[in-house]
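Protein sequences, first through last, are from chains A and B.
Residue 322 in the working numbering sits at position 322 of the first sequence, with consecutive numbering throughout.
Just remember that the working numbering sits 465 ahead of the position in the second sequence, which is counted from 1.
2 protein chains.
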Amino acid sequence: MIKLPLALLATVLAAPLLAQPAAPPPPPVVVAPWIHALRDDALANDRHAWDITEGLTTEVGPRMAGTAAEARARAWSVAKLKAMGFSNVRVETFDMPVWVRGPESAEVLAPFPQRLVVAALGNSASTGPAGVSGEVAAFDSVDALRAAPDAAVRGKIVFIDHRMTPTQDGSGYGQFGAPRRAGPTLASQKGAIAIVVRSIGTDHHRNPHTGVMSFADGAKPIPAGALTIPDAEQLVRILKRGKPVTIRLRLESTTMASAQSGNVIAEVPGRDPRLAPVLVAGHLDSWDQGTGAIDDASGVAIAAAAAKRIMDAGRPLRTIRIVWFGAEEVGLLGGLDYLARHGKEPHHAAAESDFGADRIWKVESKLGEARRDEARLIGAALAPLGIVTGSFDEADGSDIGPLLASGVPGVGLGQDGTRYFDLHHTPDDTLDKVDPVQLRQNVAAWTAMLAVTTGPIEPNARPRR
Amino acid sequence: MIKLPLALLATVLAAPLLAQPAAPPPPPVVVAPWIHALRDDALANDRHAWDITEGLTTEVGPRMAGTAAEARARAWSVAKLKAMGFSNVRVETFDMPVWVRGPESAEVLAPFPQRLVVAALGNSASTGPAGVSGEVAAFDSVDALRAAPDAAVRGKIVFIDHRMTPTQDGSGYGQFGAPRRAGPTLASQKGAIAIVVRSIGTDHHRNPHTGVMSFADGAKPIPAGALTIPDAEQLVRILKRGKPVTIRLRLESTTMASAQSGNVIAEVPGRDPRLAPVLVAGHLDSWDQGTGAIDDASGVAIAAAAAKRIMDAGRPLRTIRIVWFGAEEVGLLGGLDYLARHGKEPHHAAAESDFGADRIWKVESKLGEARRDEARLIGAALAPLGIVTGSFDEADGSDIGPLLASGVPGVGLGQDGTRYFDLHHTPDDTLDKVDPVQLRQNVAAWTAMLAVTTGPIEPNARPRR
């Protein structure tokens with residue numbers, strides 16, 4: 001059975017009967033053969049994205065914002081982008097505070113002594129080497145914690161449960177991420193000595209999902225960690241026995257008031273330097289537990305590989321500006337620095353790849369009413385890859401979020417997120433999770449999108465160096 | 466297309482042409498309706514196996530041989546088996562040396578500094594808190610290490626790679642487990658300062674697979690660990706860059722010369738105490754990283770649940786003896802203690818569940834030529850569960866291996882091992898990996914097997930206490 005949306009079904013059924021004059025069909029969208037060819041060559045043959053993803057995750061590995069590893073990643077990136085032939089390769093540095101994970105452990109002390117696997121959340125207070133011990137006060141949601149009297153929480157270790165489920169568009173992250181984002185502040189305000197949350201994730205492995213949080217409204221920092229999903233479920237089973245449960249948490253960490261991060265920028269100069277550039281992005285920093293293969297080595301790789309393919313085909317009308325942002329994970333600091341420096345410059349469009357490397361299933365854009373034909377052409381150029389055209393009034397991105405909010409037009413190439421939150425912010429974010437075939441589909445889609453947005457390519461000219 | 470084995474195809478094709486007198490068909494195997502009923506009730510309704518698996522993994526958790534946790538597991542088991550109504554519940558203790566994991570870490574020092582995830586193998590020498598550092602000498606098999614000149618290994622840290630693939634019958638464990646079992650001795654003999662192996666497993670998670678090894682032939686103990694599979698693959702990529710690779714290993718551990726372990730035993734008394742009992746088993750101890758849900762809480766649970774279902778149906782002709790062995794993981798110590806105490810007593814049959822809790826797909830037995838009808842009846846009773854009848858000359862088991870080798874008849878109910886080595890000996894061996902539906906299929910098969918081997922049940926009599 002084929003299911004049609006009801007509204008569409010009604011149209012189909014009603015049309016012959018009512019025989020109303022049809023609305024004029026929208027003008028046909030014709031994708032030029034050279035765009036098809038560029039896209040399909042990327043789909044079949046791209047190696048640039050894999051080379052960058054493999055190289056960055058192998059030769060640098062984890063690259064936590066503001067650390068020496070992130071600095072090595074910038075040096076690696078500058079060398080790589082120059083070697084690929086891009087122009088104007090440079091780093092724009094900025095300073096930032098840095099939180100660094102130390103030794104960490106957790107254990108049930110009573111009634112059933114056993115270890116639990118935990119990771120501190122970014123900006124957790126340090127327990128010091130002695131750790132903290134206390135009775136668990138358990139809640140099944142942030143709202144349940146919010147509704148609880150302070151007396152039920154004071155002096156205890158809060159535990160917040162939830163049950164995040166996978167979605168293709170990743171939309172559960174907003175709702176189910178609340179325990180990590182809002183839980184620590186609430187727990188602190190109610191007098192808790194620490195908090196652990198069920199990892200914001202959808203897997204069943206003993207790999208905790210870390211992530212950033214901050215203490216708002218003047219709340220005093222307390223130790224805050226994420227239990228793996230099997231461990232959170234174990235704690236729930238132990239709590240269900242109805243006896244008081246005490247746990248011990250050791251989450252050591254250190255902070256540096258100021259360290260350096262930076263954005264790495266490179267360009268494919270356009271034929272007309274007066275025209276606004278198309279910005280394509282990803283972020284260079286990663287969390288510390290994995291090698292950041294899907295978050296976001298593959299993202300910087302996809303953006304740069306597509307730009308490289310356009311550059312190798314000739315000279316586009318508009319400049320392509322590649323930005324590999326620093327310090328995304330800890331609060332979009334690279335994106336905010338870019339906005340402060342370049343936010344007043346015109347941008348023709350901005351797009352970011354920061355949702356893994358599984359196949360792109362949907363394209364959305366927010367180019368404005370006057371550029372609807374361009375938006376439709378992007379959709380038509382991507383459709384042969386099995387990509388649905390979604391809204392013409394939506395575009396998002398992490399680092400480019402502030403830029404889009406300031407009014408810059410955007411394109412969103414949405415990856416399939418079904419397994420993204422199995423891996424996100426865990427030790428399991430490693431190269432073996434990147435599927436080379438799906439990675440090439442990403443590059444093909446980005447190449448086609450750039451072919452449309454940067455304007456016709458002049459095949460015989462060479463890129464300016 | 467239907468594919469027939471060639472030999473069978475030849476028979477089918479030749480039969481009408483040659484018209485030889487047919488061999489007399491084997492006598493029909495008739496499974497009594499009460500056996501069908503017992504089996505199908507277990508398949509639909511068993512809760513005993515889940516209760517034991519959930520209870521043991523939750524209320525005790527990890528239970529490393531010889532530790533206080535294993536002692537708590539014995540106390541838990543005695544209480545549980547008594548509460549279930551079994552008779553003669555007792556513990557047979559024995560002494561053993563104990564190796565206990567301490568803090569552990571690994572990191573690449575050069576050329577690309579980054580952490581690796583490692584776990585010490587059982588009986589590894591301790592590096593002490595300072596760890597050991599050295600250049601990596603890499604080999605893609607134990608044979609390659611064996612063939613290498615000592616000079617290529619001396620003073621270095623050996624790394625052995627391999628590529629284990631999943632099999633339904635688990636038969637790859639023998640071949641691909643060689644790096645763990647033979648590697649440390651070989652590396653030590655050639656003068657290595659330590660060894661790491663690619664985890665003996667088939668997953669792609671950052672969870673190392675531990676397991677026991679021992680230094681043979683007087684080889685001096687050296688630190689020995691297992692890298693997770695993503696980390697082993699990362700090390701291979703780093704090595705492929707062609708520069709010398711140095712790593713630092715910290716594998717701390719402690720040993721106790723003597724501690725106590727023990728086998729927990731319970732019985733369903735048979736109507737005729739002169740008849741040899743049927744032994745059903747699993748092992749109570751687990752590795753320390755997970756809660757030993759598939760290895761082997763589910764095994765002890767399946768064996769006991771089936772015995773419980775027979776007991777609740779009435780009195781079997783033969784005694785069922787349940788043995789939950791101690792200290793299997795560290796060298797079958799419980800099985801050897803049982804053999805020493807009971808090896809000269811007659812046993813009608815022995816069976817052990819120690820390969821997870823996924824569905825049973827094959828039954829094999831070694832009951833002897835004279836009991837072929839009984840073996841065929843077991844196969845017929847299990848066939849409605851989709852279980853293939855395999856060899857009549859094979860049976861195996863871990864703890865019961867020495868008993869079977871001494872001539873005790875055996876039955877082997879083989880679970881599907883396709884995902885077993887994703888989890889085996891890792892932190893990921895937790896309750897969420899046990900599928901309740903497949904667990905019930907196991908109990909159904911074991912119940913039917915016991916219904917056949919213990920002889921007719923007298924429904925109206927009550928079990929002796």
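Here a beta-carbon is modelled for each residue, glycine too, at the ideal position from N, C-alpha and C.
As the structure is a prediction and not an experimental result, all values here were calculated from the model.
Comparing C-alpha distances from A/D428 to each of A/T254, A/A73, A/V78, A/H209 shows the shortest one belongs to A/H209. Per DSSP, B/H748 is one residue of the beta strand (DSSP E) stretching across 743-748. Looking at the DSSP output, B/I787 shares a beta bridge with B/A731, B/V745. Flagged as an interface residue toward chain B: A/G290, by a C-beta distance shorter than 9 angstroms. Its chain contains L804, A815 as the residues whose beta carbon lies nearer than 6 angstroms to that of B/L868, once the 5 sequence neighbours on both sides are disregarded; these appear in chain order.
Remark: fewer than three beta-carbon pairs, one from each stretch, lie closer than 8 angstroms, so the region 158-174 of chain A and the region 285-300 of chain A are not flagged as touching. 9 angstroms or more divides the Cβ of A/L38 from the Cβ of A/Q441. Distance check between B/G735 and each of B/T919, B/E519, B/S542 places B/T919 closest, using alpha-carbon atoms only.
In the structure shown, A/E369 adopts helical secondary structure according to DSSP, grouped into three states.
Annotation note: the region 630-681 of chain B contains the following uninterrupted beta strand (DSSP E) runs of length 3 or greater, listed N- to C-terminal: 659-663.
Rounded to whole angstroms, B/M678 and B/L716 show a C-alpha spacing of 15 angstroms. In the same chain as B/M549, and ignoring 5 residues on each side of it, the C-beta atoms closer than 6 angstroms to its own belong to K773, in chain order. Counting of Cβ neighbours within 10 angstroms places B/D864 among the buried residues, the total reaching 16 or more. Judged by beta-carbon spacing, B/V618 lies within the 9 angstroms limit of B/A652, meaning their Cβ atoms are closer than that value. Going by beta carbons, B/A746 and B/P811 fall outside the 9 angstroms limit.
At least 9 angstroms separates the CB of A/G299 from every CB of chain B.
By the Cβ neighbour-count rule, A/E364 is buried, with 16 or more other Cβ atoms within 10 Å of its own. Taking a C-beta distance under 9 angstroms as the contact criterion, A/G299 and A/F215 do not qualify as a contact pair. For B/S598, the uninterrupted beta strand (DSSP E) run begins and ends at 597-604, by DSSP. Residue burial annotation: B/D897 is exposed, with fewer than 16 other C-beta atoms found within 10 angstroms of its C-beta. Taking each of B/H889, B/A840, B/P781 in turn and checking the Cα distance to B/V733, the smallest one comes out for B/P781.
Here the alpha carbons of A/A194 and A/L235 stand approximately 16 angstroms from one another. A/L377 and A/H36 have their C-alpha atoms some 12 angstroms from each other. Excluding sequence positions up to five before and after A/T447, its CB lies within less than 6 angstroms of the CB of L38, R39, A42, A306, R309, all in the same chain and listed in chain order. A/F112 belongs to the set of residues whose beta carbon lies under 9 angstroms from a beta carbon in chain B.
Using a 10 angstroms sphere on the CB of B/M529, the tally of other CB atoms reaches 16 or more, which defines it as buried. C-alpha of A/W361 to C-alpha of A/L413: approximately 8 angstroms in a straight line. Per DSSP, the continuous beta strand (DSSP E) segment holding B/T558 begins and ends at 552-575. Residues of the region 829-848 of chain B with a C-beta atom less than 8 angstroms from some C-beta of chain A do not occur.
Beta-bridge annotation (DSSP): B/K827 is paired with B/V853, B/G879.
Remark: C-beta atoms of A/S124 and A/P221 approach each other more closely than 9 angstroms.
A Cβ-Cβ separation of about 32 angstroms leaves A/V264 out of contact with A/G225 under the 8 angstroms criterion. DSSP links B/S542 through a beta bridge to no other residue.
The residues F559, in chain order, have a CB closer than 6 angstroms to that of B/D802 in the same chain once the five nearest residues on each side in sequence are set aside.
Along the region 58-81 of chain A, going in chain order, the ones with a CB nearer than 9 angstroms to a CB of chain B are T58, E59, V60, G61, P62, A68, A69, R72. In the three-state reduction of the DSSP assignment, A/M64 falls in the coil class.
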